[in-house]
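First comes the structure, then the notes that go with it.
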Amino acid sequence: FEFATTDVIGLAVESNCRYRRPLAFPQDIQMGLRVAHLGKSSVRYEVGVFAGDDHQAAADGYFVHVFVLRATNKPTPIPDRLRAALERLRAP
971 FEFATTDVIG LAVESNCRYR RPLAFPQDIQ MGLRVAHLGK SSVRYEVGVF AGDDHQAAAD
1031 GYFVHVFVLR ATNKPTPIPD RLRAALERLR AP
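When we follow this note's numbering, the leftmost residue of the sequence shown carries the number 971, and every step to the right adds one.
The structure is reproduced here in structure tokens:
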């Protein structure tokens, strides 16, 4: 999927982050990403940020993309190839 040349682009329409514990450079972190909701023209991603080997997130949040036609900014269905990739990240 080539975002630079496609007629369909994803616009960030909502985001949120909760900080639960401090993180500081140069601390090693791990991040997890999953698709929590996959709609006709939108997707909600959830993100977790983990310090070292800690299994409890130091920060978590989400963001929502709505896919639109580049020329008109009107919502459009997520392209099949991209939808297939997002399905692999979908939460059970």
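Idealized CB from N, CA, C, for every residue including glycine.
Fair warning: this is a prediction, and the values are worked out from it, not measured in the lab.
Rounded to the nearest whole angstrom, the CA to CA distance from residue 1056 to residue 988 is 24 Å. In this structure, DSSP gives residue 1028 a state outside helix and strand, which the three-state scheme calls coil.
Under the Cβ criterion (8 Å, minimum of three pairs), the segment 1011-1027 counts as touching the segment 1043-1053. Straight-line spacing of the CA atoms in residue 1059 and residue 1007 works out to 10 Å.
Residue environment analysis places residue 1037 among the buried positions, since at least 16 neighbouring C-beta atoms fall within 10 angstroms of its C-beta. Distances from the CA of residue 979 to each of 1061, 1054, 1062 and 1035 were compared; the closest alpha carbon is that of 1035.
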